[in-house]
Amino acid sequence: GGKGGNREQEIASISRALKGIAKELNIPVIALSQLSRSVETRGGDKKPQLSDLRESGSIEQDADMVIFLYRPEYYKITEDEMGNPTQGVGEVIIAKHRNGSLETVQLKFIGKFTKFADLDGFDGGGGGFGDASYTPNALPGSSFDSEGPASGGDAAGFGAPQTIRLGSRMNEPTTPFPKSSSFGEEPPF
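Residue numbering for the sequence shown follows the numbering used here, beginning at 424 and increasing consecutively.
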């Protein structure tokens, strides 16, 4: 930020710069922002609102989309307004969408992995998912879900988990890079 500027001016400058980069390069930019403490002191369901964004004026103005993650359980809210249990439930709240509709999507929250997943098959208790239907998204035999060290199979390598790595073609150009119009030379990369 500039000399003598306050935090709100600094955030506004960063927000405008990110918006400029997104427009100039025609890319999406994802920025994270803290919520102000007013959410915790507010009564009711404590769902975040645009005005809860910390130093929010410029973020709210510059953003094409504002998306909040909300878990009533975090605020020790055990039932929603319809009386349904909130354990293991989270919401993705699209609070601003310049080119689309505002929506709220309910998801199950799997705290063990700090993961949101589809609500299909949600059992409403026991940590937010049915034990019989839940399968973690980790490599079989990895140490991700175990208490002890990973099992690597026997000394000959039999029984070790198979890992397949696929190469990315993301950086391979689909069309040739255009030559510079002023010098007619190839790009330096």
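Every residue gets a Cβ at the ideal spot worked out from N, C-alpha and C, and that includes glycine.
Return the CA-CA distance between residue i and residue j, expressed in angstroms with no decimal places.
i      : j      : result
Pro471 : Gly480 : 15 Å
Gly506 : Ile500 : 11 Å
Leu476 : Phe539 : 22 Å
Ile450 : Ser438 : 15 Å
Ile434 : Glu483 : 11 Å
Lys531 : Glu504 : 18 Å
Val515 : Asn429 : 31 Å
Lys469 : Lys519 : 18 Å
Leu492 : Arg521 : 19 Å
Lys446 : Pro508 : 43 Å
Asp541 : Pro495 : 17 Å
Ile453 : Thr537 : 20 Å
Gly443 : Gln510 : 41 Å
Glu570 : Ser436 : At Glu570 the pLDDT is 44, less than 50, meaning the model places this residue with poor confidence and gives no usable figure here.
Leu448 : Ser456 : 22 Å
Val462 : Ile490 : 16 Å
Nearest CA to the CA of residue i: which residue from the options?
i      : options                   : result
Gln529 : Asp475, Val512 and Leu448 : Val512
Glu526 : Gly443, Met488 and Ile517 : Ile517
Asp487 : Arg494, Gly523 and Leu448 : Gly523
Gly467 : Tyr498, Glu478 and Phe532 : Tyr498
Arg460 : Val452, Ala440 and Ser474 : Ser474
Leu441 : Thr464, Leu458 and Asp485 : Asp485
Could you spell out where the beta strand (DSSP E) holding residue i opens and where it closes?
i      : result
Ile533 : Thr527 to Ile533
Ile490 : Met488 to Tyr493
Thr514 : Note that residue 514 is Glu in the sequence shown here, rather than Thr. Residues Val512 to His520.
Lys538 : Lys538 to Ala540
Cβ atoms of residue j and residue i: under 7 Å apart, would you say?
i      : j      : result
Glu431 : Glu502 : no
If I follow the unbroken alpha helix (DSSP H) through residue i, where does it start and stop?
i      : result
Gln484 : Gly480 to Asp485
Ala454 : Segment: none, Ala454 is in no alpha helix (DSSP H) and carries neither H nor E.
Glu463 : Ser461 to Thr464
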